[in-house]
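Asks: Got a structure for you, written out below as structure tokens; questions coming shortly.
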Amino acid sequence: MKNKLVLIDGNSILYRAFFALPLLSNSKGIYTNAVYGFAQMLLKVLDEEKPTHLLVAFDASKKTFRHEKYEEYKGGRQKTPPELSEQIPFVHDLLDAFRISKYELENYEADDVIGTLSKQAEDENWEVKVITGDKDLLQLVSDRVSVALTRKGITDVDTYDPVALRERYGIDASQIIDMKSLMGDPSDNIPGVPGVGEKTALKLLKQFGSLETILNSIDEISGKKIKETLENNHDLALLSKELVTIDRNSPIEVSLNDVSYGNYDQESVVRLFTDLEFKSLLDRFEHEESEEAESDSKIDISFETVTELSSNMLKGETALIVEVMEENYHQAEIQGIAIVNETGKYFMTAEDACKSAEFKQWLNDETKKKITFDKKRAEVALGWQNIEIKGFSFDVLIASYLLNTTESRHDIAEIANRENITYVQSDESVYGKGAKRKMPEREALANHLIRKAQAVYELKDILTDKLEKNEQYSLFDQLEMPLSNVLAQMELQGIKVDIDRLKNMGKELDERLKTIEQEVYEEAGVKFNLNSPKQLGEVLFDKLNLPVIKKTKTGYSTSADVLEKLQNQHEIIPKILLYRQLGKLYSTYIEGLLKVVNNNTGKIHTRFNQVLTQTGRLSSIDPNLQNIPIRLEEGRKIRQAFIPSKKGWVIFAADYSQIELRVLAHIAQDEKLIQAFKEDMDIHTKTAMDVFHVAKEEVTPLMRRHAKAVNFGIVYGISDYGLSQSLSITRKEAGEFIDRYLKSFPGVKRYMDEIVQKAKSDGFVTTLLHRRRYLPEIKSRNYNLRSFAERTAMNTPIQGSAADIIKKAMIEMNNRLQSEKLETNMLLQVHDELIFEAPEHEIDKLKQIVPEVMEQAVELDVPLKVDYSYGATWYDAK
DNA sequence: TTCGGCGTAA
DNA sequence: TATAATTACGCCGAAG
1 MKNKLVLIDG NSILYRAFFA LPLLSNSKGI YTNAVYGFAQ MLLKVLDEEK PTHLLVAFDA
61 SKKTFRHEKY EEYKGGRQKT PPELSEQIPF VHDLLDAFRI SKYELENYEA DDVIGTLSKQ
121 AEDENWEVKV ITGDKDLLQL VSDRVSVALT RKGITDVDTY DPVALRERYG IDASQIIDMK
181 SLMGDPSDNI PGVPGVGEKT ALKLLKQFGS LETILNSIDE ISGKKIKETL ENNHDLALLS
241 KELVTIDRNS PIEVSLNDVS YGNYDQESVV RLFTDLEFKS LLDRFEHEES EEAESDSKID
301 ISFETVTELS SNMLKGETAL IVEVMEENYH QAEIQGIAIV NETGKYFMTA EDACKSAEFK
361 QWLNDETKKK ITFDKKRAEV ALGWQNIEIK GFSFDVLIAS YLLNTTESRH DIAEIANREN
421 ITYVQSDESV YGKGAKRKMP EREALANHLI RKAQAVYELK DILTDKLEKN EQYSLFDQLE
481 MPLSNVLAQM ELQGIKVDID RLKNMGKELD ERLKTIEQEV YEEAGVKFNL NSPKQLGEVL
541 FDKLNLPVIK KTKTGYSTSA DVLEKLQNQH EIIPKILLYR QLGKLYSTYI EGLLKVVNNN
601 TGKIHTRFNQ VLTQTGRLSS IDPNLQNIPI RLEEGRKIRQ AFIPSKKGWV IFAADYSQIE
661 LRVLAHIAQD EKLIQAFKED MDIHTKTAMD VFHVAKEEVT PLMRRHAKAV NFGIVYGISD
721 YGLSQSLSIT RKEAGEFIDR YLKSFPGVKR YMDEIVQKAK SDGFVTTLLH RRRYLPEIKS
781 RNYNLRSFAE RTAMNTPIQG SAADIIKKAM IEMNNRLQSE KLETNMLLQV HDELIFEAPE
841 HEIDKLKQIV PEVMEQAVEL DVPLKVDYSY GATWYDAK
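The UniProt record's numbering numbers the first residue of the first sequence as 1 and each following residue consecutively.
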């Protein structure tokens with residue numbers, strides 16, 4: 001087959017893409033329009049041209065050999081806009097992901113590289129295509145070289161071969177040089193001959209053939225004026241010609257063989273497009289993967305469908321799939337059971353399984369080891385049917401999460417694929433998604449579950465090795481695995497809800513909302529949807545002409561901080577703020593909670609996601625019980641609807657005091673901070689004393705407030721801007737606070753510096769119990785990404801270690817409640833606090849053991865401190 | 001369906 | 001350099 005070389009003028013296309021597309025950005029605030037356009041163009045080229053060889057050429061340094069001939073070359077050029085230059089690294093990432101060669105040559109321009117390589121390819125009789133936005137390159141057109149010029153947009157091009165060129169300009173490729181030297185080129189600051197444009201240039205060239213002939217035949221030129229300017233600008237025209245001429249023998253260090261194009265690196269492409277949020281482009285690359293998986297899914301895996309299990313099928317460590325298709329596994333149907341172990345592979349319907357005494361006994365036997373994927377799902381789903389499951393030895397989902405918290409896809413198929421196990425399909429491809437999600441035929445289901453079980457069976461050893469290499473096996477086996485059971489119990493237990501109370505609060509809120517709504521319409525003089533930020537923005541800023549404080553991507557910002565600044569400008573504002581506040585309570589916390597109360601138990605059964613956050617915290621969904629209001633009294637009342645499940649019981653709540661700052665004191669080994677906690681000082685007051693250099697008695701409430709904000713900032717990975725926002729002070733003042741803080745607590749300063757360095761050299765940071773977070777972006781050339789990674793390098797060990805500690809406390813608390821034979825139930829975890837329900841007579845015992853267990857969960861160089869309280873409702877446990 | 005804006009928690 | 005605080009979830013309207 002004949003070779004085909006495609007040469008792309010990198011800078012030119014990048015500029016085109018940047019100006020052709022609106023300034024898009026992804027959710028991280030990185031501009032992506034130029035990369036997007038470039039990627040589009042690239043995909044189109046790969047698709048249409050199917051090159052065997054491909055190179056993207058870039059301009060090298062600012063200075064080129066042309067500057068030696070003509071200093072003003074490319075003078076007057078605008079600097080590259082920063083919105084574009086920040087995208088350049090991503091274009092390089094893009095090319096790397098596609099395994100496409102790129103090249104730039106010191107002292108030369110991309111044109112020269114393209115010119116040289118295209119000549120070499122021509123000599124080899126290859127077909128060549130050049131992609132550019134620059135007409136100069138038309139001079140390369142020949143029988144074997146065609147040039148695609150971007151027309152408008154980025155993928156819309158005109159392609160020139162010698163015929164097309166003659167049609168368009170009436171001249172040959174070689175004459176393009178002469179044309180340009182007559183016309184000049186403002187964008188490159190090439191002078192040309194003043195007064196000569198495209199038309200004149202073409203006319204002269206058609207008549208005389210070349211610049212030199214024109215200059216030598218001045219007498220024959222018709223038109224006095226042209227004659228004169230040509231005479232006067234003789235040298236300038238010749239200089240222009242030199243500048244315009246592409247050097248087709250530049251000393252490039254790449255050869256045609258170096259630029260062969262094979263295939264892209266699918267994983268990198270998907271990763272990059274995901275990061276950049278190129279969802280439309282992503283589709284076709286993810287598809288290919290599933291096609292690949294499908295072909296493997298034809299590999300035959302034989303199994304038995306059984307209606308009863310005998311003990312000789314349940315030997316040795318066994319992979320167990322208890323399939324629950326529903327996303328919410330509470331009271332959900334079990335679809336089927338798959339088992340894989342040394343004796344074979346078995347599928348059972350859920351119905352048969354639940355009837356089987358042998359099976360249930362095996363589930364309940366702690367000595368029969370089970371390998372699972374998402375054991376909490378199985379445990380809770382079975383729990384609702386009063387089937388107990390014990391003896392979990394390895395959970396693939398938890399292991400996968402611990403190995404890489406950044407990875408969001410923890411489907412068995414995904415995890416397996418990463419380990420080159422390709423016979424298992426993704427749940428999505430078997431079940432479908434969204435409205436189309438449905439159960440397949442029994443045989444297809446059995447097949448799928450068996451494959452999952454087989455994959456899980458194989459993955460155990462692979463992932464165990466990895467955990468051990470990372471020194472994470474203990475974190476896995478001693479913390480997350482047992483925690484999962486604790487969480488399952490909490491979820492099954494649920495928290496009782498006073499439905500009437502919620503409904504009454506709802507009624508009252510609803511009435512107030514209607515009133516306020518009417519008032520707002522009157523003030524505005526128009527009816528509109530108050531819940532629509534878009535419509536509200538139009539009313540406030542177009543109709544009422546209030547000053548615009550902040551804008552969002554889509555229009556005016558109407559967020560609370562903006563509205564607060566407008567408080568005194570118009571009477572409508574406080575009303576809107578109140579409407580927002582109450583509306584939030586009504587829709588999210590009254591209606592939202594009522595929707596998820598379980599009809600049978602009268603309780604809310606949340607699900608804790610144990611494998612989601614980047615830091616090791618839990619999260620809670622359906623509903624989220626970790627963000628029930630507390631700050632404002634109005635919202636706090638929602639907590640009155642959370643009650644004990646039995647008469648005469650209480651809600652008991654215990655929280656760690658300043659756990660994150662205590663963790664910081666410990667890991668940073670800051671002597672002053674450690675000392676302050678040892679003396680059990682009020683940490684914000686102490687911070688104020690050190691930062692403002694005053695005695696304890698002189699700390700004003702304002703100083704304490706500022707100190708508190710600084711402490712928050714320190715935990716989050718501080719920036720002067722962030723602090724200035726939260727305190728509404730200037731950046732400079734905020735910067736000074738931070739400086740003074742870091743001088744006062746040198747250990748903290750040292751920690752912040754060292755952790756960033758460590759993250760750079762290791763590629764990840766760790767917590768107290770060896771949880772990891774990888775931070776590849778800490779080496780990024782993009783300021784945004786790098787800064788973000790630096791802040792998370794500082795924050796993750798703090799937030800993550802605090803998460804480790806409370807998780808350990810939860811396991812021990814569960815054991816303790818059992819060993820003390822208490823009836824008390826642990827119900828919720830809210831990052832630094834635990835919520836229980838307890839019979840009255842156990843309160844005294846709890847007052848002792850809860851703080852004890854929580855405070856002794858780990859031993860740090862500072863004491864941990866726990867506060868607690870209790871009452872008739874969650875509200876009263878304050 | 002999916003995204004952006006907004007607001008709730010630690 | 002040019003930007004901006006950590007971790008989450010859910011509701012709504014407005015786009016597709």
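A virtual CB, placed ideally from N, CA and C, is assigned to each residue, including glycine.
Cα separation between V269 and F373?
Replies: For the purposes of this step, residue 269 is taken as the residue at position 269 of the first sequence. For the purposes of this step, residue 373 is taken as the residue at position 373 of the first sequence. In a straight line, the C-alpha of V269 is about 28 Å away from that of F373.
Asks: Here's a check: name, in chain order, each residue in its chain whose Cβ is nearer than 6 Å to the Cβ of S290, leaving out the five neighbours to either side.
Replies: Working through the first sequence from its first residue, we reach residue 290 at position 290. Residue placement at S290 is poorly supported in this model, since its pLDDT is 47, which falls under 50; the coordinates still yield a value, given next. Excluding residues within five positions, the ones whose Cβ falls inside 6 Å are S429.
Asks: Just to confirm my understanding: we take F541, look at its own chain, exclude 5 residues before and 5 after, and list those with CB closer than 6 Å. What are they?
Replies: Position 541 of the first sequence, counting from 1, holds the residue named residue 541. Excluding positions up to five away in sequence, the list reads V548 and Y556.
Asks: Beta-carbon within less than 7 Å of T349's beta-carbon, same chain only, minus the 5 sequence neighbours each way: which residues are those?
Replies: What you label residue 349 is simply residue 349 of the first sequence in a count that begins at 1. Within the same chain, T349 has close Cβ partners G336.
Asks: Could you check which residue in E523, V196, K672 and E127 has the C-alpha nearest to that of M183?
Replies: Against the first sequence, residue 183 aligns to sequence position 183. The residue with the shortest Cα to Cα distance from M183 is V196.
Asks: Run the CB neighbour count on A293, radius 10 Å, all protein chains shown included, and call it buried at 16 or more, exposed below.
Replies: As a first step, residue 293 is located in the first sequence; it is residue number 293 there, counting from the start. At A293 the pLDDT is 49, less than 50, meaning the model places this residue with poor confidence; the figure from the coordinates comes in the next sentence. Classification of A293: buried, given that the 10 Å Cβ count is 16 or more.
Asks: Figure out for me which residue from D123, A148 and N189 has the closest Cα to the Cα of D156.
Replies: What you label residue 156 is simply residue 156 of the first sequence in a count that begins at 1. Answer by Cα proximity: A148.
Asks: Please list, in chain order, all residues of the same chain as E288 whose beta carbon is under 6 Å from its beta carbon, the five residues on each side excluded.
Replies: Start at 1 with the first residue of the first sequence, and residue 288 comes out as number 288. In this prediction, E288 scores a pLDDT of 49, lower than 50, which makes its location untrustworthy; no coordinate-derived value is stated.
Asks: For a quick check, are the C-beta atoms of L215 and H234 less than 8 Å apart?
Replies: Numbered from its first residue, the first sequence carries residue 215 at position 215. Numbered from its first residue, the first sequence carries residue 234 at position 234. Going by C-beta atoms, L215 is nearer than 8 Å to H234.
Asks: Taking its Cβ as the centre, do 16 or more other Cβ atoms sit within 10 Å of D178, making it buried, or is it exposed?
Replies: Position 178 of the first sequence, counted from the first residue, corresponds to residue 178. Under this definition D178 is a buried residue.
Asks: Got a sec? Which residues, its chain only, sit under 7 Å from S726 by beta carbon, not counting five neighbours each side?
Replies: Here residue 726 refers to the residue found at position 726 of the first sequence. Closer than 7 Å at the Cβ level, and outside the excluded window around S726, lie A709.
Asks: Quick one: measure Cβ to Cβ for L54 and Y264, integer angstroms, because I've assumed they're closer than 8 Å.
Replies: As a working mapping, residue 54 is identified with position 54 in the first sequence. As a working mapping, residue 264 is identified with position 264 in the first sequence. L54 to Y264, Cβ: 11 Å. No contact.
Asks: Can you tell me whether DSSP reads L864 as helix, strand or coil?
Replies: As a first step, residue 864 is located in the first sequence; it is residue number 864 there, counting from the start. The answer is coil: DSSP assigns L864 none of H, G, I, E or B.
Asks: Along the chain, where does the beta strand (DSSP E) that runs through Q614 open and close?
Replies: If you number the first sequence from 1, residue 614 lands on position 614. Taken as a continuous stretch (DSSP letters only), Q614 belongs to no beta strand (DSSP E), as it is neither H nor E.
Asks: Count Cβ pairs between the stretch 8-23 and the stretch 117-128 that sit closer than 8 Å; are there 3 or more?
Replies: Output reads no: the stretch 117-128 does not touch the stretch 8-23.
Asks: When you compare only the Cα positions, how much space is there between L281 and V6?
Replies: By one-based count along the first sequence, residue 281 stands at place 281. By one-based count along the first sequence, residue 6 stands at place 6. If I take the Cα positions, the gap works out to 21 Å.
Asks: Expressed to the nearest angstrom, what Euclidean distance is found between the alpha-carbon atoms of E308 and E358?
Replies: Locating residue 308 in the first sequence gives position 308, counting from the first residue. Locating residue 358 in the first sequence gives position 358, counting from the first residue. Each residue's alpha carbon lies about 8 Å from the other.
Asks: Based on the DSSP output, what are the partners of N624 in its beta bridges?
Replies: Here the question's residue 624 lines up with position 624 in the first sequence. DSSP output for N624 lists no bridge partner at all.
Asks: Thinking C-beta only, is S393 closer than 8 Å to E277?
Replies: The residue you call residue 277 lines up with position 277 of the first sequence. The residue you call residue 393 lines up with position 393 of the first sequence. Their beta carbons are not under 8 Å apart, which means E277 does not touch S393 by this criterion.
Asks: What residue range does the alpha helix (DSSP H) around F737 cover?
Replies: On the first sequence, position 737 is the one that residue 737 refers to. It spans R731 to S744 - the alpha helix (DSSP H) in which F737 sits, taken as one unbroken run.
Asks: In terms of residues, what are the limits of the alpha helix (DSSP H) holding K127?
Replies: Residue numbering aside, residue 127 sits at position 127 when the first sequence is read from its first letter. In the sequence as displayed, the identity of residue 127 is Glu instead of Lys. Unbroken run through E127 is the beta strand (DSSP E), E127 to T132; no alpha helix (DSSP H).
Asks: Going by DSSP, what residue range makes up the alpha helix (DSSP H) through M490?
Replies: On the first sequence, position 490 is the one that residue 490 refers to. Segment M481 to Q493, the alpha helix (DSSP H) holding M490.
Asks: Determine the DSSP secondary structure at S532, reduced to helix, strand or coil.
Replies: Mapped onto the first sequence, residue 532 falls at position 532. Coil at S532, not helix or strand.
Asks: Just verifying my parser: in three-state terms, what is the DSSP assignment at E291?
Replies: Stepping through the first sequence from its first residue, residue 291 is reached at position 291. Since pLDDT at E291 reaches only 46, below the 50 mark, its modelled position is unreliable, and no value is offered.
Asks: Once you ignore the five residues that flank K180 on each side, which residues in its own chain have a CB closer than 6 Å to its CB?
Replies: In the first sequence, counting from the first residue as 1, residue 180 sits at position 180. Closer than 6 Å at Cβ, skipping near neighbours: V244.
Asks: Are three or more beta carbon pairs between the stretch 79-86 and the stretch 249-256 nearer than 8 Å?
Replies: The answer is no - the stretch 249-256 does not touch the stretch 79-86, with fewer than three Cβ pairs under 8 Å.
Asks: Along the chain, where does the alpha helix (DSSP H) that runs through K4 open and close?
Replies: Along the first sequence, read from residue 1 onward, the residue named residue 4 stands at position 4. Segment K4 to D9 is the beta strand (DSSP E) holding K4; no alpha helix (DSSP H) there.
Asks: How about F737 and K672: do their beta carbons lie closer than 8 Å?
Replies: For the purposes of this step, residue 737 is identified with residue 737 of the first sequence, where counting begins at 1. For the purposes of this step, residue 672 is identified with residue 672 of the first sequence, where counting begins at 1. Cβ distance not < 8 Å, so F737 and K672 don't count as in contact.
Asks: Among residues of its own chain, excluding the 5 on either side of residue 880, which ones have a beta-carbon nearer than 6 Å to its beta-carbon?
Replies: Residue 880 is absent from the model: the chain starts at 1 and stops at 878.
Asks: Nearest-angstrom Cα distance between D477 and E852?
Replies: Start at 1 with the first residue of the first sequence, and residue 477 comes out as number 477. Start at 1 with the first residue of the first sequence, and residue 852 comes out as number 852. The straight-line gap from Cα to Cα measures roughly 24 Å.
Asks: Three or more beta-carbon pairs under 8 Å between the stretch 400-407 and the stretch 766-779, yes or no?
Replies: The stretch 400-407 is in contact with the stretch 766-779.
Asks: Could you name the residues of the same chain whose beta carbon sits closer than 6 Å to that of P855, not counting the 5 residues immediately before and after it, in chain order?
Replies: The residue given as residue 855 occupies position 855 in the first sequence. The amino acid occupying residue 855 in the given sequence is Glu; Pro does not appear at that position. Within the same chain, E855 has close Cβ partners L864 and V866.
Asks: Who does M505 pair with in a DSSP beta bridge?
Replies: For the purposes of this step, residue 505 is taken as the residue at position 505 of the first sequence. Looking at the DSSP assignment, M505 forms no beta bridge with any residue, so it has no partner.
Asks: Let me make sure I understand the geometry here. Which of K584, L483 and L544 has the alpha-carbon closest to that of E571?
Replies: In the first sequence, the residue the question calls residue 571 occupies position 571. The shortest Cα separation from E571 among K584, L483 and L544 belongs to L544.
Asks: If you pair each beta-carbon of the stretch 376-387 with each one of the stretch 489-505, do three or more pairs fall below 8 Å?
Replies: Enough Cβ pairs lie closer than 8 Å, so yes.
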